[in-house]
Amino acid sequence: MARKGLFGGLGGLDPISILKQLQAQIDQAQKEIAESQVEGSAGGGAVRVIMRGDHRVVAVQINPELLQEGDVEMLQDLLVTAFNNAVAEVERLTKEKMEPIQKTLGGFNLPI
């Protein structure tokens with residue numbers, strides 16, 4: 001009985017070629033993720049954080065009315081929430097871009 005292993009069901013294709021193709025797909029997905037921008041917001045859009053897929057913050061926008069209210073603690077909470085929402089969006093985007101590659105590998109999960 002022939003062993004299937006990780007590459008056994010690929011009809012005799014060269015495992016090294018397959019790994020190189022997968023690496024190219026991963027590199028492309030990571031590039032697309034890093035160049036993408038996502039938004040996290042809080043307070044009905046009163047605080048917005050624009051973040052790239054590589055977790056670099058591009059912009060923080062605060063509705064000026066929040067500053068007039070003088071509630072520093074509320075503003076801090078909104079900033080934390082907006083940042084966390086932006087990070088969650090990056091995680092969602094990463095999963096979306098990497099999921100097709102993961103499926104190519106069957107049950108073998110990549111640490112992404």
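Using our numbering, the letters of the sequence shown map in sequence onto residues 1 to 112.
Just so it is clear, CB atoms sit at the ideal spot from N, CA and C, and this is done for glycine as well.
Quiz item: For residue 48, which residues from the same chain have a beta carbon less than 7 angstroms from its beta carbon, with the 5 sequence-adjacent residues on both sides left out?
Solution: Indexing the sequence shown from 1 puts residue 48 at position 48. Cβ within range, chain order: 39, 41, 61 and 82.
Self-check item: Cβ-based burial, residue 86 [other Cβ within 10 Å; buried from 16]
Solution: Position 86 of the sequence shown, counted from the first residue, corresponds to residue 86. Looking at its Cβ environment, which holds 16 or more other Cβ atoms inside 10 Å, residue 86 is buried.
Quiz item: What whole-angstrom Cβ distance do residue 80 and residue 55 have, given they're in contact under 8 angstroms?
Solution: On the sequence shown, residue 80 is found 80 positions in, with the first residue counted as 1. On the sequence shown, residue 55 is found 55 positions in, with the first residue counted as 1. Not confirmed; about 15 angstroms, so no contact.
Exercise. Find out if the Cβ-Cβ distance for the pair residue 33, residue 103 is shorter than 8 angstroms.
Key: Here the question's residue 33 lines up with position 33 in the sequence shown. Here the question's residue 103 lines up with position 103 in the sequence shown. No, Cβ-Cβ distance for residue 33 and residue 103 is not below 8 angstroms.
Exercise. Could you tell me the boundaries of the alpha helix (DSSP H) in which residue 17 lies?
Key: Within the sequence shown, numbered from 1, the residue matching residue 17 stands at position 17. 15–35 is the span of the alpha helix (DSSP H), which, as asked, contains residue 17.
Quiz item: Given a threshold of 16 other Cβ atoms within 10 Å of its Cβ, counted over all protein chains shown, does residue 29 qualify as buried or as exposed?
Solution: Translated into positions along the sequence shown, residue 29 becomes position 29. Residue 29 is buried by the Cβ-count criterion.
Self-check item: Between the CA atoms of residue 93 and residue 19 - distance to the nearest angstrom
Solution: Counted from its first residue, the sequence shown places residue 19 at position 19. Counted from its first residue, the sequence shown places residue 93 at position 93. Spanning the two alpha carbons is a distance of roughly 23 angstroms.
Quiz item: By the 10 Å Cβ neighbour count, where 16 or more other Cβ atoms means buried, how is residue 67 classified, buried or exposed?
Solution: If you number the sequence shown from 1, residue 67 lands on position 67. Burial call: exposed.
Practice problem: Grab me the residues of residue 75's own chain with a C-beta within less than 6 angstroms of its C-beta, minus the 5 sequence neighbours each way, in chain order. | Solution: Counting from one through the sequence shown, the residue named residue 75 turns up at place 75. Excluding residues within five positions, the ones whose Cβ falls inside 6 angstroms are 66.
Quiz item: Can you list, in chain order, the residues of its chain whose CB lies under 7 angstroms from that of residue 25, leaving out five sequence neighbours each side?
Solution: In the sequence shown, the residue the question calls residue 25 occupies position 25. Hits under 7 angstroms: 101.
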